[in-house]
Amino acid sequence: MNDPTMQEHFLQRQTRRHFFSQCGIGVGSIALSNLVSGFSPAASHEAFSNPLSPKATHFPARAKRVIYLFMAGGPSQLDLFEHKPILNQLNGQPIPQSYLDGKRFAFMDSSHRINLLGTRRTFKQYGQCGAWVSDLLPHTARIVDQLTFLRTCKTDLFNHAPAKLFMNTGTGQFGRPSLGSWLTYGLGSECEDLPGFVVLQSGPRGPRGGSILWGSGMLPTTYQGVPLRNQGEPILNLTTPESISGTDQVRVLEAVRKMNSKRLLETGDEEIATRINAYEMAYRMQTSAPELMDTSGERQSTLDMYGIKQPKEASFARNCLLARRLVERGVRFVQLYHTNWDHHGGPTENLEEHLPSISQEIDQAGAALVMDLKQRGLLEDTIVIWGGEFGRTPMGEVRESTGRNHHIDAFTMWFAGGGFKPGFSLGQTDEFGFGPIDQSVHVRDIHATLLHQLGLSHDRLSVRSQGLDFRLTGVQPANVVHELLT
Amino acid sequence: MLHLFNPNAASLRFLAVATQILLFADHGLGTEELQYNRDVRPILAENCFACHGFDKRKREAGLRLDVREGALAELDSGSTAIIPSKPEESELVTRILAVDDAVMPPHESGKKLTDKQKEILKTWVAQGARYDKHWSFVSPIKVSLPRRSRNQDEEVHPIDSFILDRIYSEQLSPSPQADPVTLIRRLNLDLLGLPPTVREVDDFVAASRLNAEKATTDLVNRLLQTPNYGERWGRWWLDQARYADSNGYSVDAPRQIWKYRDWVIDALNRDLPFDQFTIEQLAGDLLPGATERQRVATGFHRNTQINQEGGIDPEQFRIDSVFDRVATTGTVWLGLTIGCAQCHDHKFDPIEQKEYYRFFAFFNNQEEPNLTLYDSQVDASALLAEQKELEALLREQIANKSEDIRVWEESLTAEQTTSLPKDLQKLIASDKPKRNAAQKRSLYAIGPGSQDEGFQKPYLRLHEIERTLGTGVSTMVMKELPVPRKTNLFIQGDFTRPADEVTCGTPSVLPALEANDKGVNRLDLARWIVSPSNPLTARVIVNRVWQHYFGRGLVETENDFGLQGTTPSHPELLDWLAIEFMERGWSLKELHRLIVSSKTYQQSSVERPDLREKDRGNYLLARQRRLRLDAEVVRDVELAACGLLSPKMGGPPVYPPIPQGVMGQGQVKREWKVSEGEDRYRRGLYTFVYRATPPPSLNVFDAPDGYSTCTRRVRSNTPLQALTLMNDAGFFEFAKALEKTIEREGLEVAFRRCVSRQPSSEELAILQGLDTLSAARVLLNLDETVNRE
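The listed protein sequences correspond, in order, to chains H and C. If you read the first sequence in this note's numbering, its first letter stands for residue 1, the second for the next number, and so on. If you read the second sequence in this note's numbering, its first letter stands for residue 487, the second for the next number, and so on.
So this is what it looks like as structure tokens:
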């Protein structure tokens, strides 16, 4: 056993054996409860359970996992999915005042205007379902029969940070759990050596709003999203300090475990058992997270399908591949943020130049992710979501070049897998794409529908704080949109 | 964490249930009169009030069950919910016992009454359906102390007499006193947030052997005099003040408001009475002859976020700040969820939407300026006046010197020009007519006026003044507008939908705020909040202090004393403490002294099988409880243990090392230039906190993010905490420092610096089996090191 890795493996096995034989933690707690006289096994079992261990659903679930491709900044549905020829015919003319009565917009005091803006994109219908997609998304166009389009999404807030918070937590108020936190809280995680809720980022900057977007609010931080970094350590502090050998790390862990176990017996405080478990999982993460990030075992054809040219470089495409690898390992909720979709018409964010380039950044990989999941049989119970915090106005703005303002009345998201109806579109907008003419689907309804597919009732999934039962969908009525589902 | 956090809230109901079990086990239902607040209201609040409560718009079937007259009124349907003493004729009883679709609460609510709850409601109706005003809206009453000592001569601490009364009545016994080492570590961590030194432990153990009580009293006195007390308890208050060092939202630019943080630390150290502490923070600017310090205190309500995103309507976010101020004031001082009435009448508490906006009006009349502060030796106003005079004088002196300056400039050789300071070179190259007075002064001073003594003297003095004034530090404060803004009720809380205009006022369920002819303002509100007739404030604050010492308040819902909150576990004790607190002049230090001198506080925290069985949640307090240290204190303890801790107090926030890549998470990548020297090793509460990208090692241990008020921290226990303590470069640096201690002073000393007690021979053997660095890492990763026992 001169080989250090061999030795490490041996020690690792030893460590695990100790856990099982001495503490009974991880497989149950009979052994421990026998050691601690007077503590009933049933009680110990409850207390030692990991807060992330899988929990029963309210009713049978159609989906187990979610991958949320968050298009940060607000993509223009009118240049991607909503075919409105009248915008080109009436380009430059004001939208009828009746549309604007009582409405508020961002940039009201500066660049906001009411003149309609045509699109430079060409639209075609694709697939069996005949969904309209613009020339900016050729790969997405090829898989429309796998997708469920929701064209009349409605949100309440029209500034980025508040709207992103709204899309993630169902409210613009601070201190509420995000969707991923609700899911790991409600369902636990099926992965024992990675966090249950993982966040990946790509694009020129982080999403507006920062860590609160994947925060756990009034839920314990156990349930908050863990950012997985593309450069350096994938998870903060994952790597053993440089000067410490693997053997030494294991020795330290082993000594910590022994001493914590002693303290557990002396004090009877079950939190110590939880901490022993946490160190065990931390150690497993040290191996499993780098293994997750190492895509060298992926076939070249897979990399090509995603459009990954530099497998080691951070990109949306690589994040999509990592998302697949994460859900394969049982991670409950993976959220990808890609910036920047805020095409107002400024020098670095316009519809002519920057919308095409960002569309190209996400198109192939997003489509590949759906097809890859399908090929592997994962799409059946994995929901993929594509969308931003809001959409963009049919009216143009007055800036350096062409752009559109934030719009909350109707915008497009798509869903795939997990019991969403493939090749289906819901919601029709008026001739300008300004508002819905049939069914408006609020963020709350989207949340209720997602929870439903995961086997949770949005009415029942709650946490008590300040004497109130808080829910993702809040106090206003929310409805599961059954039309979207198979 | 598992104990604190119970999604089913089963533990919240433990006491009510326990009480009922006792009640009914002994007497059977019907012989003992049920108490509305203790036995009945929790059931109604949980299951009925959402549809049959205070909010008239959500009220179903016209039925209101939160007040007796509503419950007794005949409904449109012709039936009556409650006919006192006639359960069989009362619709409420019929409906809760129904087995078909008529059952209440309805199936779709997801709520269901237990058989016991049904029995209680039925019995209560049979007993006459008596209602009582909600306990927290009635002033506290000081009852005489229960006499429960088993030895009649023994003097019992008032707190213990209440606690023992319950413990004995449940046939339990309290736990023995913690050993002196545990006790000194507990007191140090609770009062200072720092562990005792090895020497302090030894001294205390020796003194305890002679006279344990005196030793403890002396120790508490010493600790309360130590300035670190202000830091520890300052952080307690800063959580509630939602303090952080940036503006939040997407841009999250840094802000300067640390003078407010230092004010809090200082105010606690000088034991500023809590009523005054409150008044200065809510309305220090309005006090007659407000001092600079009192104005700094108003930073409390400047800890709201500022949205600097493009395209926003500033009024929307100003109003959001006011919403936050209302909610925070309600939560922090009154323990009420006033914020719930922002969009509609409160569903559970008697607070109308209109009353919400009357409360809102107090906070709608401010502008939000910065105040610049100078050293106490600097008389800024005199200097500013002198500065003005000097500027005028100098302007006059050089009024006709432009020609001289031009001649001098043109006479300069290239060599002479390059020998001048950079800014002057720039100035010389600049467009002459565009130069301002200060620029002309500088040129004249170095050029043609260099020998002009009449000019040079005032010129140098002006420089000195500018330099002194430049040392000022700005901080964010509140200032009342000369003409108040109009306040309207907003329909659905939407500021674009104003309705009736309202004036300042307080909720009518609480004692009235006396108005004078000039109307009322924030100062009147602040005084009303801490008026002895306010039934809430003192209770809320003593409860929140209690929570710090026992991990849970006597009222478990420390931020909700309203109808949805939990009933106090020891109501008489809560009232006694509240009154005592006020009678002792609202002194927080006296309150701390009172609590930590009790046997209840000083008990051992070791679990006991009998308590596990009978009082798993430790509501009866027959033992203390191990508590994981707060995020900042985890850092402080490790810093102190390894000897690197800087004792420096106050001043601008600092930047200890953080892992790479942390700052790139938000819209704008913020700079994090690691502090040098002792600022690298400051206590956790001095670390700069960006709201959108909080420091990971604090965040991972549940430090609040400053987005909204935090009245109780969650205590999670996660693998990321393990990774942080194991591998974080900052913590690894501490381990290397502790390794030096091991080398210099031995393992035993290092062990005691971490956990205070002596290691057992077995523990020593484990550590001796490792190299010194590994041993140091083990010590800093022990559960015991990051817990107080």
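Just so you know, even glycine gets a beta-carbon here, dropped at the ideal spot from N, CA and C. Fair warning: this is a prediction, and the values are worked out from it, not measured in the lab.
By alpha-carbon distance to H:Gly474, the top candidate from H:Leu461, H:Val481, H:Glu483, H:Leu484 is H:Leu461. In this structure, the alpha-carbon of H:Gly387 lies about 8 Å from that of H:Gly74.
Taking all protein chains shown into account, C:Ser867 has fewer than 16 neighbouring C-beta atoms within 10 Å of its C-beta and is therefore exposed. Look at C:Asp986 here: in three-state DSSP terms it is strand.
Shown here for H:Ile408: same chain residues with a beta carbon closer than 8 Å to its own, the five before and five after excluded, namely Lys154, Thr155, Asp156, Leu157, Phe158, Ala163, Phe390, Gly391 in chain order. Unbroken alpha helix (DSSP H) runs of no fewer than 4 residues, entirely contained in the segment 1043-1083 of chain C, are found at 1057-1069, 1074-1082, following chain order. Exposed is the label assigned to C:Asp586, since fewer than 16 other Cβ atoms lie within 10 Å of its Cβ.
Runs of the alpha helix (DSSP H) spanning 4 or more residues and lying entirely within the segment 903-982 of chain C occur at 908-915, 923-932, 939-955, in chain order. Among the residues of chain H, those whose CB is under 7 Å from the CB of C:Tyr735 are Ala161, following chain order.
With a cutoff of 8 Å on beta-carbon distance, H:Leu265 and H:Ala273 are scored as not near each other. With a 10 Å radius around the Cβ and a threshold of 16 neighbouring Cβ atoms, C:Val812 comes out buried. C:Ile1252 belongs to the set of residues whose beta carbon lies under 8 Å from a beta carbon in chain H. Note on C:Gln711: under 16 other CB atoms within 10 angstroms of its CB, so exposed under the neighbour-count rule. Pairwise C-beta distances place the segment 924-944 of chain C in contact with the segment 878-886 of chain C, as three or more of them are shorter than 8 Å. In summary, the residues of the segment 261-283 of chain H whose CB is separated from some CB of chain C by less than 9 Å are Lys262, Arg263, Leu264, Glu266, Thr267, Gly268, Asp269, Glu270, Glu271, Ile272, Thr274, Arg275, Ile276, Asn277, Ala278, Tyr279, Glu280, Met281, Ala282, Tyr283, in the order they occur in the chain.
Nearest in C-alpha terms to C:Arg1238, of all of C:Asp810, C:Asp1257, C:Trp894, C:Leu1265, is C:Leu1265. Residue state for C:Ser732 is assigned as strand, using DSSP reduced to three classes.
Remark: C-beta atoms of C:Pro666 and C:Val691 approach each other more closely than 8 Å.
The segment 63-72 of chain H makes contact with the segment 335-347 of chain H, as at least three CB pairs between them are under 8 Å.
For H:Leu468, the nearest beta carbon of chain C is closer than 8 Å to its own beta carbon. Distance from H:Gly180 to H:Gly225 at the Cβ level is roughly 5 Å; contact confirmed, criterion being Cβ atoms closer than 8 Å. Proximity of chain C to H:Lys258 at the Cβ level (cut-off 7 Å) is accounted for by Ile1252, in chain order. C:Glu853 has C:Lys965 as its beta-bridge partners, per DSSP. For the segment 1154-1185 of chain C, the beta-carbon criterion of a distance under 9 Å to any beta-carbon of chain H is satisfied by Val1154, Lys1155, Tyr1176, Arg1177, Ala1178, Thr1179, Pro1180, Pro1182, Ser1183, Asn1185. The segment 769-821 of chain C contains no complete beta strand (DSSP E) run of 3 or more residues.
Minimum Cα-Cα distance from C:Glu1248 among the listed residues H:Leu147, H:Gly130, H:Ala255, H:Thr221 corresponds to H:Ala255. Taking 8 Å as the cut-off, the beta carbon of H:Gly130 is found no closer than this to the beta carbon of H:Pro177. With a 10 Å radius around the Cβ and a threshold of 16 neighbouring Cβ atoms, C:Asp618 comes out exposed. No residue range can be given for C:Ser565, since it is assigned to no alpha helix (DSSP H) and is classified by DSSP as neither H nor E. A Cβ-Cβ contact shorter than 8 Å links H:Ala365 with H:Gly307. H:Leu456 has its alpha-carbon roughly 34 Å from the corresponding atom of C:Ala567. At a cut-off of 8 Å, the C-beta of H:Phe174 has a neighbouring C-beta in chain C. The beta-bridge partner set that DSSP reports for C:Thr858 consists of C:Ser960. The shortest CA-to-CA distance from H:Lys421 to any of H:Leu373, H:Leu484, H:Thr402 is the one to H:Leu484. A direct Cα-Cα distance of roughly 8 Å separates C:Gln767 from C:His787. The C-alpha of C:Arg1111 lies about 12 Å from the C-alpha of C:Arg1102.
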